[in-house]
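J.: Before I ask anything, let me first share the structure, which is written out below as structure tokens.
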Amino acid sequence: MLELEGSPELEDPVLLAAFEGWNDAADAASSALDHLVKVWKAQPLGELGSDDYYDYQVNRPSVGADAQGVRRITWPATRVMVARPPDAPRDVILVRGIEPNMRWRQFCAEILDVADSLGAEMAVLLGALLADSPHTRPIPVTASATDPELASALGLEAPTYEGPTGVLGVLQEACHSESLPAVSFWAAVPHYVASSPCPKATLALLRKVEDLLDLTVPLGDLPEDARAWERGVDDLARDDTEVSEYVQSLEQARDAADLPEATGEAIAKEFERYLRRRPDRGGEQGPV
């Protein structure tokens with residue numbers, strides 16, 4: 001059972017979670033969580049006991065020296081942190097870990113106990129999957145919510161996927177069973193460049209978090225990293241005729257499907273994001 005370090009008084013907290021593994025193509029979701037931990041200066045509250053959930057022959061511990069030069073073993077774990085984003089009216093509970101190898105229902109029950117003890121009002125789950133998505137276009141992010149009222153308020157749909165699932169799917173269903181509203185965001189990583197990292201997919205997830213929570217996430221070098229990643233894939237595609245032709249076919253299919261998305265609503269959302277980042281509003285200067 002997770003024991004939290006202290007009992008912080010949080011204001012309108014939201015739980016934000018991501019896990020390495022099956023749910024995390026190109027490490028896009030866990031990288032998004034890591035970015036938020038860094039820029040929001042999240043403080044640790046505790047971690048779920050690794051002996052209960054991990055097979056160490058699958059997720060092996062690592063050994064290395066800490067900042068003081070002392071050699072230590074780091075065990076696979078799921079860590080709970082808390083942060084108050086600058087100029088935000090609410091706190092965020094950050095759950096970052098590795099998809100467990102066993103006892104998924106107990107694992108999810110522990111996370112929900114944490115959410116309940118800290119007063120979380122909603123859960124936001126970040127994932128990434130491999131898909132037929134061209135790297136030259138915006139990374140698609142699929143959103144869903146199990147709570148009908150929340151789905152209606154946010155203009156989302158209930159999950160429709162059928163098939164094998166990961167811990168995110170189990171956790172979202174557990175949230176629904178415990179009447180905790182939950183939203184999931186899944187970034188579609190181009191399957192022909194599945195190696196980590198994929199900063200463009202990470203950036204797409206962070207923008208969804210911004211829109212949902214109505215706040216501005218400091219992005220640092222991430223936009224430039226995303227552009228550099230796209231240029232690198234461009235170079236690889238030019239050197240391989242088959243890949244180049246395949247990308248062109250994906251572009252054509254994507255453009256035909258996305259034609260209705262070039263709407264006033266989409267343009268307005270991008271303009272709102274720009275306004276939030278203006279220097280005179282306390283945001284970051286420059287394009288994103």
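Using UniProt numbering, you'd call the opening residue of the sequence shown number 1 and step up by one each time. Using N, Cα and C, we set each Cβ at its ideal position, and we do this for glycine too.
Using 8 Å as the cut-off, can you tell me whether the segment 176-193 makes contact with the segment 131-140, which would need three or more C-beta pairs spanning the two stretches below that distance?
T.: yes
J.: Go through its chain and collect everything with a Cβ distance to Y53's Cβ below 7 Å, but skip five positions before and after it.
T.: In the sequence shown, counting from the first residue as 1, residue 53 sits at position 53. If we look at Y53 and ignore the five residues flanking it on each side, its Cβ neighbours are P100, N101, M102, R103, F107.
J.: Closest to L180 by CA distance: which of A145, L4, R90 is it?
T.: Within the sequence shown, the letter at position 180 stands for residue 180. Minimum Cα-Cα distance from L180 among the listed residues A145, L4, R90 corresponds to A145.
J.: If you draw a straight line from the C-alpha of V37 to the C-alpha of K208, how long is it?
T.: Looking up residue 37 in the sequence shown gives position 37. Looking up residue 208 in the sequence shown gives position 208. Approximately 16 Å, taken between the alpha carbons.
J.: Once you ignore the five residues that flank V247 on each side, which residues in its own chain have a CB closer than 6 Å to its CB?
T.: Along the sequence shown, read from residue 1 onward, the residue named residue 247 stands at position 247. Answer for V247: P134, A237, listed in chain order.
J.: For E47, report the span of its beta strand (DSSP E) as first-last.
T.: Along the sequence shown, one-based indexing puts residue 47 at 47. For E47, the enclosing beta strand (DSSP E) has its first and last residue at 43-48.
J.: Would you list the one or two residues that DSSP bridges to P190?
T.: If you number the sequence shown from 1, residue 190 lands on position 190. The partner list for P190 (beta bridge, DSSP) reads A131.
J.: Using three-state DSSP, classify A115 as helix, strand or coil.
T.: As a working mapping, residue 115 is identified with position 115 in the sequence shown. The answer is helix: DSSP assigns A115 an H, G or I state.
J.: When the distance is taken between beta carbons, is L10 closer than 8 Å to V114?
T.: What you label residue 114 is simply residue 114 of the sequence shown in a count that begins at 1. What you label residue 10 is simply residue 10 of the sequence shown in a count that begins at 1. No. Outside cutoff.
J.: Give the straight-line distance between the Cα atoms of Q252 and E157, rounded to the nearest whole angstrom.
T.: One-based indexing of the sequence shown puts residue 252 at position 252. One-based indexing of the sequence shown puts residue 157 at position 157. Between Q252 and E157, the C-alpha separation is close to 26 Å.
J.: If we call anything under 8 Å between Cβ atoms a contact, is L33 one with R84?
T.: Reading the sequence shown from its first residue, position 33 is the one you call residue 33. Reading the sequence shown from its first residue, position 84 is the one you call residue 84. No, the Cβ-Cβ distance between L33 and R84 is not below 8 Å.
J.: Quick check on DSSP: helix, strand or coil for R84?
T.: Counted from its first residue, the sequence shown places residue 84 at position 84. Here R84 sits in coil by DSSP.
J.: Where does the unbroken beta strand (DSSP E) through E173 begin, and where does it stop?
T.: Here residue 173 refers to the residue found at position 173 when the sequence shown is read from its first residue. No beta strand (DSSP E) holds E173; the alpha helix (DSSP H) holding it covers 167-177.
J.: So which of R254, Q68, V183, P199 has the shortest CA-CA distance to A153?
T.: Your numbering for residue 153 matches position 153 in the sequence shown. Comparing Cα-Cα distances from A153 to each of R254, Q68, V183, P199, the minimum goes to V183.
J.: Taking all protein chains shown into account, decide if P86 is buried (16 or more other Cβ within 10 angstroms of its Cβ) or exposed.
T.: Here the question's residue 86 lines up with position 86 in the sequence shown. Answer is exposed; the Cβ neighbour count stays below 16.
J.: Taking DSSP as the reference, what is the three-state secondary structure of A17?
T.: Translated into positions along the sequence shown, residue 17 becomes position 17. If DSSP states are grouped into helix, strand and coil, A17 belongs with the strands.
J.: Is the segment 170-177 in contact with the segment 48-66, if contact means three or more CB pairs nearer than 8 Å?
T.: no
J.: Between the C-alpha atoms of G286 and L213, what's the straight-line distance to the nearest angstrom?
T.: By one-based count along the sequence shown, residue 286 stands at place 286. By one-based count along the sequence shown, residue 213 stands at place 213. For G286, the predicted model reports a pLDDT of 44, less than 50, meaning its position is unreliable; a value from the coordinates is still stated below. Computed Cα separation, rounded: 22 Å.
J.: So which of T78, R79, A77, S62 has the shortest CA-CA distance to R71?
T.: Counting from one through the sequence shown, the residue named residue 71 turns up at place 71. Between R71 and the set T78, R79, A77, S62, the nearest pair of CA atoms involves S62.
J.: Where does the unbroken beta strand (DSSP E) through L94 begin, and where does it stop?
T.: Residue numbering aside, residue 94 sits at position 94 when the sequence shown is read from its first letter. Run containing L94: 92-98, per the beta strand (DSSP E) assignment.
J.: Could you give the residue range of the beta strand (DSSP E) that holds R72?
T.: Locating residue 72 in the sequence shown gives position 72, counting from the first residue. Note, R72: beta strand (DSSP E), 71-74.
J.: Determine whether the beta carbon atoms of P223 and L205 lie at a separation below 8 Å.
T.: Your numbering for residue 223 matches position 223 in the sequence shown. Your numbering for residue 205 matches position 205 in the sequence shown. Cβ distance not < 8 Å, so P223 and L205 don't count as in contact.
J.: In three-state terms, what does DSSP make of T142?
T.: Walking along the sequence shown from the start, residue 142 turns up at place 142. Three-state DSSP puts T142 in a strand.
J.: Between I98 and P13, is the Cβ-Cβ spacing less than 8 Å?
T.: For the purposes of this step, residue 98 is taken as residue 98 along the sequence shown, with counting starting at 1. For the purposes of this step, residue 13 is taken as residue 13 along the sequence shown, with counting starting at 1. No, these two residues do not count as a Cβ contact at 8 Å.
J.: Closest to L130 by CA distance: which of A228, S244, A28, D240 is it?
T.: Start at 1 with the first residue of the sequence shown, and residue 130 comes out as number 130. Checking every option, the nearest Cα to that of L130 belongs to A28.
J.: Alpha carbon to alpha carbon, how far is N23 from H191? Give it in angstroms, no decimals.
T.: Locating residue 191 in the sequence shown gives position 191, counting from the first residue. Locating residue 23 in the sequence shown gives position 23, counting from the first residue. The alpha-carbon atoms of H191 and N23 are separated by roughly 14 Å.
J.: Whose C-beta lies closer than 6 Å to the C-beta of L126 among residues of the same chain, with five residues either side of it excluded?
T.: Residue numbering aside, residue 126 sits at position 126 when the sequence shown is read from its first letter. So the qualifying residues of the chain are A18, A29, A32, F185, L205.
J.: Mapping the DSSP letters down to three states, classify A28 as helix, strand or coil.
T.: Position 28 of the sequence shown, counting from 1, holds the residue named residue 28. Helix at A28.
J.: Thinking C-alpha only, which one of D132, P8, A109 is nearest D255?
T.: To locate residue 255, count along the sequence shown from 1; it is residue 255. Per the Cα distances, D132.
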